[in-house]
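Q:
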């Protein structure tokens with residue numbers, strides 16, 4: 001931003017009269033006639049024209065109380081922003097360096113807490129399902145003797161199936177055809193249904 005005070009050579013606290021006197025003096029020094037004399041001494045007339053433009057612009061701003069107040073505010077904000085910007089850039093640079101170091105050297109951490117939480121939740125769900133689930137139904141009586149069936153014997157010694165949760169005389173190891181023999185450590189009986197020979201657990 002152009003410093004109009006510096007262009008006129010006055011301090012920022014200068015009065016309007018001081019600004020007016022400085023403007024007139026600067027214009028006399030940069031007047032085209034003076035510029036012609038300066039050209040004879042090797043000073044560019046183009047430079048004098050630019051200087052006149054800057055002086056006129058400075059006078060237009062600083063001669064109006066409203067425009068001068070707005071300009072002073074811009075100068076103050078610009079100075080504060082410049083200082084804050086420098087501080088912010090330094091802070092951001094340091095933060096970026098620390099972030100890069102943390103990213104490069106931070107050790108990887110295993111998510112123990114998450115894993116243990118998942119295991120705990122899974123175990124709780126299994127326990128609840130086991131408690132609320134239906135118990136294994138007891139084996140029903142279908143009259144067909146097979147391995148593990150509980151049996152009683154009728155008057156002629158034939159075996160028939162009875163519930164295992166009630167009184168029973170024996171447990172069948174297996175049911176084999178009539179022409180097959182049971183293991184030597186079992187006893188045998190005829191199946192009352194005529195399905196074969198029942199091998200009885202000792």
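Numbering (my numbering), first residue to last: 1 to 202. Heads up, the beta-carbon is just placed ideally off N, CA and C, and yes, glycines get one too. All values derive from a computational prediction rather than experimental measurement.
Hey, how far is the Cα of residue 141 from the Cα of residue 165?
A: Position 141 of the chain shown, counted from the start, is the residue given in the question as residue 141. Position 165 of the chain shown, counted from the start, is the residue given in the question as residue 165. About 11 Å.
Q: Could you spell out the range, first to last residue, of the beta strand (DSSP E) harbouring residue 188?
A: Counting from one through the chain shown, the residue named residue 188 turns up at place 188. It spans 187 to 190 - the beta strand (DSSP E) in which residue 188 sits, taken as one unbroken run.
Q: If you reduce the DSSP assignment to three classes, tell me which class residue 125 lands in.
A: Translated into the one-based positions of the chain shown, residue 125 becomes position 125. Helix at residue 125.
Q: Which residue comes first and which comes last in the beta strand (DSSP E) that contains residue 200?
A: Taking the first residue of the chain shown as position 1, residue 200 is located at position 200. Looking at the DSSP string, the run of the beta strand (DSSP E) that includes residue 200 is 197 to 200.
Q: What does the Cβ neighbour count give for residue 197, buried or exposed, with the cut at 16 atoms within 10 Å?
A: Here residue 197 refers to the residue found at position 197 of the chain shown. Buried is the call here.
Q: Note the first and the last residue of the continuous alpha helix (DSSP H) segment covering residue 241.
A: Nothing about residue 241 can be read from this structure; the chain reaches only from 1 to 202.
Q: Is it buried or exposed for residue 144, if we count other Cβ within 10 angstroms and need 16 for buried?
A: For the purposes of this step, residue 144 is identified with residue 144 of the chain shown, where counting begins at 1. Exposed, because fewer than 16 other Cβ atoms sit within 10 Å of the Cβ of residue 144.
Q: By the DSSP assignment, the alpha helix (DSSP H) with residue 144 in it spans what residues?
A: The residue you call residue 144 lines up with position 144 of the chain shown. Neither: residue 144 is in no alpha helix (DSSP H) and is coded neither H nor E.
Q: Mind checking whether residue 189 and residue 158 have CB atoms under 8 Å apart?
A: Working through the chain shown from its first residue, we reach residue 189 at position 189. Working through the chain shown from its first residue, we reach residue 158 at position 158. A contact, by the Cβ cut-off of 8 Å.
Q: Can you give the Cα-Cα distance for residue 176 and residue 129, rounded to whole angstroms?
A: What you label residue 176 is simply residue 176 of the chain shown in a count that begins at 1. What you label residue 129 is simply residue 129 of the chain shown in a count that begins at 1. Each residue's Cα considered, the two are about 40 Å apart.
Q: Starting from the C-beta of residue 193, find all residues in its chain whose C-beta is less than 8 Å away, skip the five residues before and the five after it, and write them out in chain order.
A: Position 193 of the chain shown, counted from the first residue, corresponds to residue 193. If we look at residue 193 and ignore the five residues flanking it on each side, its Cβ neighbours are 143, 144, 145 and 160.
Q: For residue 108, name the three-state secondary structure that DSSP assigns.
A: In the chain shown, residue 108 corresponds to position 108, counting from 1. Correct three-state label for residue 108: coil.
Q: Mapping DSSP to helix, strand and coil, what is residue 77?
A: The residue you call residue 77 lines up with position 77 of the chain shown. Residue state, collapsed to three classes: helix.
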